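What follows is a set of notes on a single structure, which appears directly below.
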Amino acid sequence: MAVLAGLWRRLHTPETGAMKGAMIPVGWAAYNGVWMAVLGGFGTHNAEIVWLYVASGAIITSFGLAVFLHKVRHPIDPTLRRLPLRADAGICAAFGIAFIGIGVIFGAWWYPFATIFLVEAIWLVVKDYRLYRRIKTRPPVP
Amino acid sequence: MTQLAEPPSITPAGPELVEPRAGLVGWATSIDHKRIALLTIGTSLLLFLVFGAIALVMRVQLAQPNQHFVSLFTYNELFTLHGSGMIVLVITPLAIGMCLYLVPLQVGAPMCAAPKMAMFSYWLYVLSASLLLISSTLAGPPDTGWYSYTPLSDSQYSPGTGMDLWVFAMMIGVTAMMIMAGCVLWTALRMRAPGMSLMKMPVFTWSAVVTCLMSVAAFPSLVAAMSLIAVGRADPAILAHYKWDMAYQYLFWFYGHPVVYVMFFPFVGCVATVLAAFSRRMYFGYHFTVFALLAFAAGSMSVFGHHMFTTGQIIDNYFSLTSVMLSVPAGVEYFGFVSTILGGRLHYKTPMLFALAFIPQFLVGGVTGIMLAMPVLDYHFHGSYFVVGHFHYTLFAGSVFGAFAGIYYWFPKATGVMLDDKLGKWHFWLMCLGANATFLPMLFQGFDGLPRRVGTYPASMHIGALTLTSTIGAGVIALSVAIFLYNVAKSLIVRVPAADDAWGVGETLEWATSSPPPPFNYDERHPIRPIKSYAPLLTLQWEEEDERQREAASS
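Just so you know, the protein sequences line up as chains A and B, in that order. Here the first sequence stands for residues 0 to 141, where the numbers follow numbering that gives the first Met the number 0. Here the second sequence stands for residues 0 to 554, where the numbers follow numbering that gives the first Met the number 0.
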């Protein structure tokens with residue numbers, strides 16, 4: 000009981016308001032669950048559609064769960080503090096993925112290009128992560 | 000000034016982390032949500048011109064019966080590119096790009112969540128657009144319509160690498176927007192400034208939240224559908240059974256209907272914001288509107304079957320019920336629009352004109368949509384120009400007008416310079432005339448039996464006057480867009496500076512920061528103002544006025 004009370008207190012921080020962000024995606028999935036049940040009332044002719052609802056609901060619920068767990072671990076979002084880094088890795092990853100697809104269509108000789116970009120992207124992410132770890136405190140939001 | 004509960008001490012970070020790069024490289028590698036969003040919006044507007052030009056070519060082809068301006072094969076390619084391009088590469092990125100720009104500002108966050116992922120999604124989007132355009136120049140270009148039903152889209156009936164590349168471009172284009180939407184959603188749910196509770200988020204932010212929820216929930220379905228086409232193209236025998244064709248349609252329309260809502264909800268938010276600001280009122284019925292937005296968007300996942308009534312493979316009654324039910328939250332939103340402007344002190348600036356025109360025009364799109372949600376009518380209209388008129392009223396006369404309301408309203412905030420209001424009004428009136436001249440006759444062409452996706456039609460149909468009107472209307476739209484481009488170019492050259500609150504009517508947090516905002520949105524000179532309502536600046540203004548009146552009375 001004390002654990003639950005503690006959890007509840009951590010969730011209800013005054014900085015982020017009383018209503019919880021995680022409830023939105025979860026409520027969304029629940030609402031679609033209701034419509035799925037209504038579909039059941041119309042018969043089993045379109046039973047295969049249920050899988051679409053289930054898959055979509057699972058994705059959204061996972062998002063809500065991630066928000067919830069993040070909230071429990073970080074009652075005040077650490078990214079509210081400034082974190083100035085660059086997005087070079089994003090460009091490399093995008094080109095790497097595009098070259099993989101192009102390679103599937105036009106031939107394997109595109110894969111070395113994809114590999115170069117993806118390795119570069121991973122290297123940049125690792126480099127950024129190491130820099131991130133080096134910064135102990137960052138300027139707060141005014 | 001709102002502070003964190005325990006602000007950490009300020010320690011200077013390494014200069015290599017703080018200093019942004021200059022020039023184009025700085026933009027291309029930025030983690031600033033504003034830059035990523037402006038790149039996305041700019042790219043989508045550029046592609047709007049490309050796919051709009053394609054639409055003009057189609058309208059010229061259809062201006063008169065038995066025309067041969069382009070071949071019928073080319074016409075098939077044109078409508079495929081126009082449809083897939085406008086939906087996946089223009090309006091969806093424009094919508095989500097606006098959310099990426101405004102949500103962190105409106106909730107008081109210094110940046111968006113996962114900015115590197117946001118930039119990754121932008122580049123994936125750029126590559127998707129490039130590949131989609133290249134696909135039309137290769138052997139076997141895409142010509143199966145934006146929905147590309149199987150088995151027409153498999154390699155037996157649509158051979159060639161052009162179609163292969165189109166499938167891949169669609170996949171990564173949709174994935175890119177799903178990732179960007181996830182960044183926006185996380186920002187709204189987890190990175191709000193202290194004091195910004197969910198029920199104090201502005202209406203636009205709520206419209207962004209529901210948009211992103213739909214994107215995250217529905218867009219994976221298109222990736223699955225495109226994967227199914229890819230398998231069919233690798234070996235058509237694998238998916239030979241007709242049930243796979245139905246499975247494809249389920250997957251496609253599970254994405255295909257919610258994406259329509261993704262393409263207009265942010266613009267509903269734009270319209271709501273502009274109406275309230277230029278009426279000098281708080282948005283009427285905020286709580287009801289928030290729940291209507293949530294119900295409308297969540298319900299959108301359950302209506303996709305109305306696209307498939309005529310397949311005979313869907314429960315008509317269920318999908319008709321769910322589709323018609325959406326008119327209830329839509330009615331609540333309309334009630335909010337109308338009640339906000341009733342009794343307000345209206346200022347007829349360009350954004351307000353676009354927002355006001357959105358109301359009746361989008362209503363035409365909505366009401367014709369309700370007609371199509373009824374199986375008895377849908378069996379009659381299915382595959383006709385009535386459907387084309389309906390969704391162009393929704394997406395052009397609705398969404399694009401809402402988008403321009405937002406673009407004119409927030410342009411000074413994003414660039415620091417004002418657009419010319421007179422040119423803006425020319426743009427508005429011409430676009431209003433052009434849109435209605437183009438799309439209203441399409442409804443009647445559908446009544447008269449003109450099917451969709453035909454490159455020509457016989458003179459015996461006697462619809463030449465209607466189709467010519469549509470073509471002239473499309474030309475007027477093109478003229479209005481040219482005026483808009485001239486206005487943007489002129490404003491960026493002349494540079495009439497915009498104040499922090501450029502219109503003097505700003506109600507939400509972004510109008511308290513500089514124009515354009517500093518790198519982390521708010522700084523010591525422009526702190527986050529106290530958040531006491533969903534229109535925090537207006538509330539503060541009222542409180543200051545009350546204070547002044549009290550002081551005057553006591554003195």
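Every residue gets a Cβ at the ideal spot worked out from N, C-alpha and C, and that includes glycine. Note that the coordinates shown come from a computational prediction; the quantities given were computed from them, not determined experimentally.
Could you have a look at P496 (chain B) and say whether DSSP puts it in helix, strand or coil? strand
Counting only beta-carbon atoms, is R132 (chain A) nearer than 8 Å to chain B? no
Below 8 Å on the Cβ atoms is my guess for I95 (chain B) versus S214 (chain B); work out the distance and round it to an integer in Å. 7 Å
Would you call the CB atoms of T393 (chain B) and V59 (chain B) closer than 8 Å? no
Got a sec? Which residues, its chain only, sit under 6 Å from V102 (chain B) by beta carbon, not counting five neighbours each side? V183, T186, A187, T204, A207
Run through DSSP, which three-state label would S383 (chain B) get? strand
Mind checking if E47 (chain A) is an interface residue toward chain B, Cβ cutoff 8 Å exclusive? yes
Got a sec: which bits of the segment 147 to 163 of chain B sit with their beta carbon under 9 Å from any beta carbon on chain A, in order along the chain? T160, D163
I need the straight-line Cα distance from S83 (chain B) to Y456 (chain B), nearest angstrom please. 24 Å
In three-state DSSP terms, what is Q540 (chain B)? helix
Please report whether the beta-carbon of S206 (chain B) lies at a distance below 8 Å from any beta-carbon of chain A. no
Pairwise C-alpha distance: K242 (chain B) and F41 (chain A): 21 Å
Given a threshold of 16 other Cβ atoms within 10 Å of its Cβ, counted over all protein chains shown, does P158 (chain B) qualify as buried or as exposed? exposed
Which residue marks the beginning of the alpha helix (DSSP H) containing T91 (chain B), and which one marks its end? 91 to 106
Min CB distance K126 (chain A) to chain B below 8 Å: no
Exposure of Q548 (chain B), with buried meaning 16 or more beta-carbon neighbours within 10 Å: exposed
Identity of the residues DSSP links to P450 (chain B) by a beta bridge: B:S383
In chain E, what lies closer than 8 Å to Y249 (chain B) by C-beta? Of the protein chains in this structure, namely A and B, none is chain E.
Alpha carbon to alpha carbon, what distance is there between M200 (chain B) and A108 (chain B)? 12 Å
For the segment 244 to 277 of chain B, enumerate the residues whose C-beta is nearer than 8 Å to any C-beta of chain A, in chain order. A246, Y249, L250, F253
Under 8 Å, do L376 (chain B) and V386 (chain B) count as touching if we go by C-beta distance? no
Buried or exposed for F33 (chain B), going by 16 or more other Cβ atoms inside 10 Å? In the sequence as displayed, the identity of residue 33 (chain B) is Lys instead of Phe. Buried.
For V416 (chain B), which residues does DSSP report across the bridge? B:P496
Ignoring anything shorter than 4 residues or poking outside the segment 232 to 287 of chain B, list the alpha helix (DSSP H) runs there in chain order. 241 to 255, 257 to 261, 264 to 278
Helix, strand or coil: which one does DSSP assign to T210 (chain B)? helix
Counting along the chain, where does the alpha helix (DSSP H) carrying M179 (chain B) start and finish? 160 to 189
Which chain B residues sit within Cβ distance under 7 Å of R85 (chain A)? T28, I30
Check T42 (chain B) in the structure and name its three-state DSSP category. helix
If we count Cβ pairs, one from each stretch, closer than 8 Å, do we get three or more for the segment 282 to 290 of chain B versus the segment 253 to 264 of chain B? no
Does P24 (chain A) have its Cβ less than 8 Å from a Cβ in chain B? yes
Please list the partners that I313 (chain B) has in chain A, where partner means a Cβ-to-Cβ separation under 7 Å. N45
Can you look up T367 (chain B) in the DSSP assignment and give me helix, strand or coil? helix
Could you check whether the Cβ of G95 (chain A) sits closer than 8 Å to any Cβ belonging to chain B? no
Anything in chain A within Cβ reach of K115 (chain B), meaning under 7 Å, just list it in chain order. A86, A88, G89
To the nearest whole angstrom, what separates the beta carbons of I59 (chain A) and L99 (chain B), a pair I think is in contact under 8 Å? Incorrect: roughly 20 Å between the Cβ atoms, too far for contact.
Does any residue of chain B have a CB that is nearer than 8 Å to the CB of W108 (chain A)? no
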